[in-house]
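To convert, note that position 103 of the sequence shown is 103 in full-length UniProt numbering; the numbers rise steadily by one, no gaps.
Note that the Cβ used here is the ideal one computed from N, Cα and C, for glycine as well.
First comes the structure, then the notes that go with it.
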Amino acid sequence: MLPENLTAVVARNEIWTGKSATEPYEAGWAKEAIVFVRALKEPKGQLPKARIEISADGMHWCREGSEFDLPAAKDAVTFQRISHFGNFLRVAATLPDGAEITLLVTFHLKA
């Protein structure tokens, strides 16, 4: 039996400033995930770390504990591996005043 896998685009050409997050994605069937984040334009200002958040219902969120750098240059890519995440996933960050990033975020899920 071949493993089931899926790639989901959860943010495309989104501009993040201040408190930002991707759309929730229901991934309870998956055993593992890799999140890729690519900067589509040159980021502005001091970028914080992004964080993985999980949810039982897609509305109330908890920090999963994983944090990773947002990409620091146009076309740069960063990623984070995740397992044991329950049902809903999203990526979030709180950018300081003057910081901005336009990004593409994809979840790569495997059963």
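TODO: Measure the Cβ-Cβ separation of A104 and L6 and say whether it is below 7 Å.
DONE: Sequence index remark: in the sequence shown, residue 104 carries index 104 (1-based). Sequence index remark: in the sequence shown, residue 6 carries index 6 (1-based). Going by the sequence as given, residue 104 is Leu instead of Ala. In this structure, L6 does not lie closer than 7 Å to L104 by Cβ.
Open item on the list: Pull the bridge partners of D75 from the DSSP assignment, please.
Closed with: Taking the sequence shown and counting its residues from 1, the one referred to as residue 75 is at position 75. The partner list for D75 (beta bridge, DSSP) is empty, contrary to what the question assumes.
- [ ] Please confirm whether F107 and A8 have their CB atoms less than 7 Å apart.
- [x] Your numbering for residue 107 matches position 107 in the sequence shown. Your numbering for residue 8 matches position 8 in the sequence shown. For F107 and A8, yes; Cβs fall inside 7 Å.
TODO: Would you tell me roughly how many angstroms separate the C-alpha atoms of V37 and E100, rounded to the nearest one?
DONE: On the sequence shown, position 37 is the one that residue 37 refers to. On the sequence shown, position 100 is the one that residue 100 refers to. Their Cα atoms are separated by approximately 14 Å.
Open item on the list: Bridge partners for N87 per DSSP, in chain order?
Closed with: The count along the sequence shown starts at 1 and reaches residue 87 at position 87. DSSP lists no partner for N87.
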